[in-house]
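I have placed the structure first, in the form of structure tokens, so that the comments after it can refer back to it.
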Amino acid sequence: MRFLTFTTLTVLAGGLLAAADASSVTYVKGTIDELSPNTGATLVNTAKSMEIRTPLHSVEVPYSQISKAELGAIQSHAPETDAPYKVWTLHKRFMTSPQTQEMTVAFTNEKGQNQTMTIELPKKAAAGLFATIERHSGAVADGNWWGDDYWKTNRNKDTWGGAGTIAQK
Numbered sequence: 002m003r004f005l006t007f008t009t010l011t012v013l014a015g016g017l018l019a020a021a022d023a024s025s026v027t028y029v030k031g032t033i034d035e036l037s038p039n040t041g042a043t044l045v046n047t048a049k050s051m052e053i054r055t056p057l058h059s060v061e062v063p064y065s066q067i068s069k070a071e072l073g074a075i076q077s078h079a080p081e082t083d084a085p086y087k088v089w090t091l092h093k094r095f096m097t098s099p100q101t102q103e104m105t106v107a108f109t110n111e112k113g114q115n116q117t118m119t120i121e122l123p124k125k126a127a128a129g130l131f132a133t134i135e136r137h138s139g140a141v142a143d144g145n146w147w148g149d150d151y152w153k154t155n156r157n158k159d160t161w162g163g164a165g166t167i168a169q170k
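The structure is reproduced here in structure tokens:
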């Protein structure tokens with residue numbers, strides 16, 4: 002019985018950790034008073050919000066409050082090169098350098114003030130976070146939809162070029 006309880010709790014705890022998507026980020030700049038520039042933090046994505054956690058502070062941004070999100074340029078961070086005679090570090094020369102990307106997010110806080118923050122995070126995590134923000138916030142997503150080229154809807158009515166019927170849901 003004890004083994005079954007321990008196994009169940011272990012699997013449950015692992016599932017909870019996997020459900021909350023966390024990654025290491027750097028708060029580069031912004032208008033958030035609680036965070037100082039170039040602060041290392043952990044970004045936790047939940048179903049309704051993203052949260053930046055530092056050892057001292059935690060800032061939660063609901064996806065519904067985000068008005069703008071932009072991805073910046075991709076940056077490569079080259080590791081320090083060792084002397085050529087150090088053959089035990091040869092594998093480091095052939096590895097790709099880690100790439101990061103900056104993301105700027107504009108949102109309204111719980112007091113109704115407009116705030117911005119720029120965070121630097123791994124390239125793959127930046128793409129995932131941007132897709133999550135677009136999925137949860139209709140204001141951030143652009144107006145292009147692949148179906149506008151094929152169907153007549155109210156959204157693409159000005160590009161029809163003639164009379165026709167509107168597709169209904």
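Residue 159 in my numbering sits at position 158 of the sequence shown, and the numbers go up by one each step.
Glycine residues also receive a C-beta, built at the ideal position from the N, C-alpha and C atoms.
Since the structure is predicted, the reported quantities are computational estimates derived from the model, not experimental observations.
Residue i vs residue j beta-carbon contact at 7 Å
{"i": "S50", "j": "P63", "result": "yes"}
{"i": "I75", "j": "S138", "result": "no"}
{"i": "L122", "j": "V26", "result": "yes"}
{"i": "A70", "j": "T55", "result": "no"}
{"i": "T47", "j": "Y28", "result": "no"}
{"i": "I53", "j": "Q116", "result": "no"}
Coil, strand or helix - residue i by DSSP
{"i": "E71", "result": "strand"}
{"i": "S25", "result": "strand"}
{"i": "L122", "result": "strand"}
{"i": "A142", "result": "Interpretation of A142 is limited by its pLDDT of 47, a score under 50 that renders its predicted location unreliable; the figure taken from the coordinates is listed afterwards. Coil, per DSSP."}
{"i": "Q76", "result": "strand"}
{"i": "I53", "result": "strand"}
{"i": "R156", "result": "coil"}
{"i": "K93", "result": "helix"}
{"i": "L44", "result": "strand"}
{"i": "S65", "result": "helix"}
{"i": "T32", "result": "coil"}
{"i": "A84", "result": "coil"}
{"i": "E135", "result": "helix"}
Anticipated Cβ contact below 8 Å, residue i with residue j, distance rounded
{"i": "M118", "j": "G31", "result": "3 Å"}
{"i": "A127", "j": "Q102", "result": "4 Å"}
{"i": "F1", "j": "L72", "result": "Lying outside 2 to 170, the shown extent of the chain, residue 1 is not represented and no answer is given."}
Residue of the options minimising C-alpha distance to residue i
{"i": "V172", "options": "S37, N39 and S59", "result": "In the structure as shown, the chain begins at 2 and stops at 170. Residue 172 is therefore absent and cannot be evaluated."}
{"i": "A24", "options": "I33, V88 and G129", "result": "One detail in the question is off: residue 24 reads as Ser in this sequence, not Ala. Of I33, V88 and G129, the residue nearest in Cα terms is G129."}
{"i": "K125", "options": "V106, Q100, I134 and K112", "result": "Q100"}
Any non-hydrogen atom of the ligand NAD closer than 6 Å to residue i Cβ
{"i": "Q66", "result": "Looking at this structure, you won't find the ligand NAD or any other ligand, since it has none at all."}
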